[in-house]
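Peer 1: Below are the structure tokens for one structure; questions will follow.
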Amino acid sequence: MKQLFLLGLTISLFMACQNKPQRYFDESPEIETTKAGITAYETQDWDTWKANFADTAKIFHNTNKASTPDESMEGMKQMLSNMESYGFGKEGAEVEMIVDKKGRTWVNYWNTWMGKTKVTNKTLSIPVHLTIQYVDGKIVQEYGYYDTAPIQTAFAEIEAYNVMSTDEKSILKMIDGVVEGWNAHDISNLKSLSEANLVRTTNGNVEINNIDEYEGFMKTFVSAFPDFTVLVDKSDIKGNKVYINWTVTGSNNGEFLGNAPTGKKIRTHGFSVWTLNDAGKFIQEDAYYDNQTLFDQLGIAPPKS
Numbered sequence: 027m028k029q030l031f032l033l034g035l036t037i038s039l040f041m042a043c044q045n046k047p048q049r050y051f052d053e054s055p056e057i058e059t060t061k062a063g064i065t066a067y068e069t070q071d072w073d074t075w076k077a078n079f080a081d082t083a084k085i086f087h088n089t090n091k092a093s094t095p096d097e098s099m100e101g102m103k104q105m106l107s108n109m110e111s112y113g114f115g116k117e118g119a120e121v122e123m124i125v126d127k128k129g130r131t132w133v134n135y136w137n138t139w140m141g142k143t144k145v146t147n148k149t150l151s152i153p154v155h156l157t158i159q160y161v162d163g164k165i166v167q168e169y170g171y172y173d174t175a176p177i178q179t180a181f182a183e184i185e186a187y188n189v190m191s192t193d194e195k196s197i198l199k200m201i202d203g204v205v206e207g208w209n210a211h212d213i214s215n216l217k218s219l220s221e222a223n224l225v226r227t228t229n230g231n232v233e234i235n236n237i238d239e240y241e242g243f244m245k246t247f248v249s250a251f252p253d254f255t256v257l258v259d260k261s262d263i264k265g266n267k268v269y270i271n272w273t274v275t276g277s278n279n280g281e282f283l284g285n286a287p288t289g290k291k292i293r294t295h296g297f298s299v300w301t302l303n304d305a306g307k308f309i310q311e312d313a314y315y316d317n318q319t320l321f322d323q324l325g326i327a328p329p330k331s
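The numbering used here puts the first residue of the sequence shown at 27, with every later residue one more than the last.
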């Protein structure tokens, strides 16, 4: 009798689980509406974007203060007017729909927003999480969470650029040329912008005495890291000097300072001071960064002095 009772209880629990309503979905009309809204935002098809919202919809992006779809749309238009290009990643997006215990329908969307600013050509990459409530196929609430600091910094740089003198803008363009040359793994930009006896110091020690040695230095890194990339985080001009905070990234798929490829990725930050002579040519770069961080990321020992 006891065994029959336990069997019956087990069957009852199993049936209860089978009859439990589904709460998680990876496909639904609401998910498709969310995706369509993202596409409309990327193409600035504002009529389609707004059509997804109920008339009384409330939008909360990094704030407790609600915006209407019209207010939010105007804010996005103003923000995007400073962007040369923008959009969400085509790979790595995560989207799901859930029905909570109160029967409310929500869509969660995770992706990385990427953009390039006008004027300064600053590249931005920002993770975004959207949580959207639907009623009868329309959005009634939308919550957005993302870090606005990189955007604010980038736009402040655009404002600073707009009030720069012609000479300062010309110098910044030269720095862009240096960075573009590094990222293209091509020394020709730097050669055209520098004197032949360009000097480079690293953490106070003279490392390079002319442009040919600089070319060898560049080859060492771009050969060891075929995807070697330089990003300028911040730049400032004072007189004949340019002060730059930078980040470099890359994958160690080539020999580096006598060490076999590790396949590991690096990401390190540094600071450089570029000095121009009276002829408007670079004559020196003073670079400062933690060499040990680089070697620790690769798991190798630094070369002996």
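By construction, the Cβ of each residue, glycine as well, lies at the ideal position given by its N, Cα and C atoms.
One question on the structure: do arginine 226 and aspartate 126 come within less than 9 Å of each other, judged by their Cβ atoms?
Peer 2: By one-based count along the sequence shown, residue 226 stands at place 200. By one-based count along the sequence shown, residue 126 stands at place 100. Taking 9 Å as the Cβ cut-off, arginine 226 and aspartate 126 do not qualify as a contacting pair.
Peer 1: Helix, strand or coil: how does DSSP classify proline 47 here?
Peer 2: Residue 47 sits at position 21 when you count from the first residue of the sequence shown. If DSSP states are grouped into helix, strand and coil, proline 47 belongs with coil.
Peer 1: Please give me, in chain order, every unbroken run of the beta strand (DSSP E) with length at least 3 that falls completely inside the segment 282-312.
Peer 2: 291-302
Peer 1: So, at 7 Å on beta carbons, what are the nonlocal neighbours of threonine 157 in its own chain, with the 5 sequence-adjacent residues on each side left out?
Peer 2: Here residue 157 is taken as the residue at index 131 of the sequence shown, counted from 1. Result list for threonine 157: Trp132, Asn134 and Tyr169, in chain order.
Peer 1: Can you tell me where the beta strand (DSSP E) holding valine 133 begins and where it ends?
Peer 2: The residue given as residue 133 occupies position 107 in the sequence shown. Its beta strand (DSSP E) spans residues 131-143.
Peer 1: Since isoleucine 124 contacts threonine 138 with CB under 8 Å, what's their CB separation in whole angstroms?
Peer 2: As a working mapping, residue 124 is identified with position 98 in the sequence shown. As a working mapping, residue 138 is identified with position 112 in the sequence shown. With 8 Å as the limit, isoleucine 124 and threonine 138 do not qualify as a contact, their Cβ atoms being about 22 Å apart.
Peer 1: For arginine 96, does the three-state DSSP call read helix, strand or coil?
Peer 2: Your numbering for residue 96 matches position 70 in the sequence shown. The sequence given here has aspartate at residue 96, not arginine. Looking at aspartate 96 - three-state DSSP - the assignment turns out to be helix.
Peer 1: Take glutamate 206 and list the residues in its own chain whose beta-carbon comes closer than 7 Å to its own, dropping the five residues that flank it on each side.
Peer 2: Here the question's residue 206 lines up with position 180 in the sequence shown. Only Asn215 meet the Cβ criterion.
Peer 1: Please return the same chain residues whose Cβ sits closer than 6 Å to the Cβ of alanine 42, not counting the five positions on each side in sequence.
Peer 2: Here residue 42 refers to the residue found at position 16 of the sequence shown. For alanine 42, the predicted model reports a pLDDT of 49, less than 50, meaning its position is unreliable; a value from the coordinates is still stated below. Excluding sequence neighbours, alanine 42 sits near nothing in its chain.
Peer 1: So the candidates are Thr273, Lys290 and Val274; which of them puts its Cα closest to the Cα of glycine 280?
Peer 2: Position 254 of the sequence shown, counting from 1, holds the residue named residue 280. For glycine 280, the nearest C-alpha among the options comes from Lys290.
Peer 1: Please tell me whether valine 274 and threonine 288 are closer than 9 Å, where the distance is taken between their beta carbons.
Peer 2: Taking the sequence shown and counting its residues from 1, the one referred to as residue 274 is at position 248. Taking the sequence shown and counting its residues from 1, the one referred to as residue 288 is at position 262. In this structure, threonine 288 does not lie closer than 9 Å to valine 274 by Cβ.
Peer 1: Could you tell me whether the Cβ atoms of glycine 306 and serine 196 are closer together than 9 Å?
Peer 2: Position 280 of the sequence shown, counted from the first residue, corresponds to residue 306. Position 170 of the sequence shown, counted from the first residue, corresponds to residue 196. Their beta carbons are under 9 Å apart, which means glycine 306 touches serine 196 by this criterion.
Peer 1: Quick one: give me the first and last residue of the beta strand (DSSP E) that glutamine 159 is part of.
Peer 2: One-based indexing of the sequence shown puts residue 159 at position 133. Its beta strand (DSSP E) spans residues 149-161.
Peer 1: Excluding the 5 residues flanking aspartate 241 on each side, which residues of the same chain have their C-beta closer than 6 Å to its C-beta?
Peer 2: Your numbering for residue 241 matches position 215 in the sequence shown. What sits at residue 241 in the sequence shown is glutamate, not aspartate. Ile213, listed in sequence order.
Peer 1: Take every Cβ of the segment 74-88, pair it with every Cβ of the segment 159-175, and state whether three or more of those distances are shorter than 8 Å.
Peer 2: Short answer: they touch.
Peer 1: Applying the criterion that 16 or more other CB atoms from any shown protein chain within 10 Å of the CB defines a buried residue, is alanine 250 buried or exposed?
Peer 2: On the sequence shown, position 224 is the one that residue 250 refers to. Per the 10 Å Cβ criterion, buried.
Peer 1: Suppose the cutoff is 8 Å on Cβ atoms and the five residues either side in sequence are ignored; what does the same chain contact list for leucine 320 look like?
Peer 2: To locate residue 320, count along the sequence shown from 1; it is residue 294. So the qualifying residues of the chain are Ile292 and Thr294.
Peer 1: Using a 10 Å radius around the Cβ and a threshold of 16 neighbouring Cβ atoms, would you call proline 252 buried or exposed?
Peer 2: Reading the sequence shown from its first residue, position 226 is the one you call residue 252. Flag for proline 252 reads exposed.
Peer 1: Taking lysine 267 and threonine 228 to be in contact with their CB atoms under 8 Å, please state how far apart those CB atoms are, rounded to whole angstroms.
Peer 2: The residue given as residue 267 occupies position 241 in the sequence shown. The residue given as residue 228 occupies position 202 in the sequence shown. About 17 Å; that fails the 8 Å criterion.
Peer 1: Using only alpha-carbon positions, find the residue among Lys103, Thr69 and Val145 that is nearest to glycine 113.
Peer 2: Along the sequence shown, read from residue 1 onward, the residue named residue 113 stands at position 87. Put simply, of Lys103, Thr69 and Val145 the residue whose alpha carbon is nearest the alpha carbon of glycine 113 is Thr69.
Peer 1: DSSP puts phenylalanine 79 in a beta bridge; with which residues?
Peer 2: The residue labelled residue 79 in the question sits at position 53 within the sequence shown. Beta-bridge pairing by DSSP links phenylalanine 79 to Ile165.
Peer 1: I need the straight-line Cα distance from histidine 155 to isoleucine 64, nearest angstrom please.
Peer 2: In the sequence shown, counting from the first residue as 1, residue 155 sits at position 129. In the sequence shown, counting from the first residue as 1, residue 64 sits at position 38. Histidine 155 and isoleucine 64: Cα-Cα distance of roughly 12 Å.
Peer 1: On a CA-only basis, which of Asp202, Phe308 and Ser98 is nearest leucine 219? Give me that one, please.
Peer 2: In the sequence shown, the residue the question calls residue 219 occupies position 193. Ranking Asp202, Phe308 and Ser98 by Cα distance to leucine 219 puts Phe308 first.
Peer 1: Which one of Ile270, Ile184, Glu233 and Glu185 has the shortest CA to CA distance from methionine 200?
Peer 2: As a working note, residue 200 is residue 174 in the sequence shown. That would be Ile270, whose Cα lies nearest to the Cα of methionine 200.
Peer 1: Pick out whichever of Val248, Gly284, Asn231 and Asn303 has its Cα sitting closest to the Cα of tyrosine 315.
Peer 2: Translated into positions along the sequence shown, residue 315 becomes position 289. The shortest Cα separation from tyrosine 315 among Val248, Gly284, Asn231 and Asn303 belongs to Asn231.
Peer 1: Rounded to the nearest angstrom, how far is the Cβ of methionine 109 from that of threonine 143, given a contact under 8 Å?
Peer 2: One-based indexing of the sequence shown puts residue 109 at position 83. One-based indexing of the sequence shown puts residue 143 at position 117. Their Cβ separation, rounded to whole angstroms, is 6 Å, which keeps methionine 109 and threonine 143 in contact under 8 Å.
Peer 1: Look at the Cβ atom of alanine 163, then the Cβ atom of threonine 59, and state whether they are nearer than 9 Å.
Peer 2: As a working mapping, residue 163 is identified with position 137 in the sequence shown. As a working mapping, residue 59 is identified with position 33 in the sequence shown. With the sequence shown as reference, residue 163 is identified as glycine, and alanine is not the correct amino acid for it. Yes, Cβ-Cβ distance for glycine 163 and threonine 59 is below 9 Å.
Peer 1: In this structure, how does DSSP classify threonine 65 when only helix, strand and coil are distinguished?
Peer 2: Translated into the one-based positions of the sequence shown, residue 65 becomes position 39. Looking at threonine 65 - three-state DSSP - the assignment turns out to be helix.
Peer 1: Who pairs with leucine 257 in a beta bridge, going by DSSP?
Peer 2: The residue you call residue 257 lines up with position 231 of the sequence shown. Thr273, per the DSSP bridge assignment.
Peer 1: How would you label glutamine 310, buried or exposed, when you count the other beta carbons within 10 angstroms and need 16 or more for buried?
Peer 2: For this step, residue 310 is matched to residue 284 along the sequence shown. Its Cβ being crowded by 16 or more others within 10 Å, glutamine 310 is buried.
Peer 1: Under three-state DSSP, which class holds phenylalanine 114?
Peer 2: The sequence position of residue 114 within the sequence shown is 88, counting from 1. Here phenylalanine 114 sits in strand by DSSP.
Peer 1: Could you give the DSSP three-state label for glutamate 206: helix, strand or coil?
Peer 2: Residue 206 sits at position 180 when you count from the first residue of the sequence shown. Note: glutamate 206 maps to helix in three-state DSSP.
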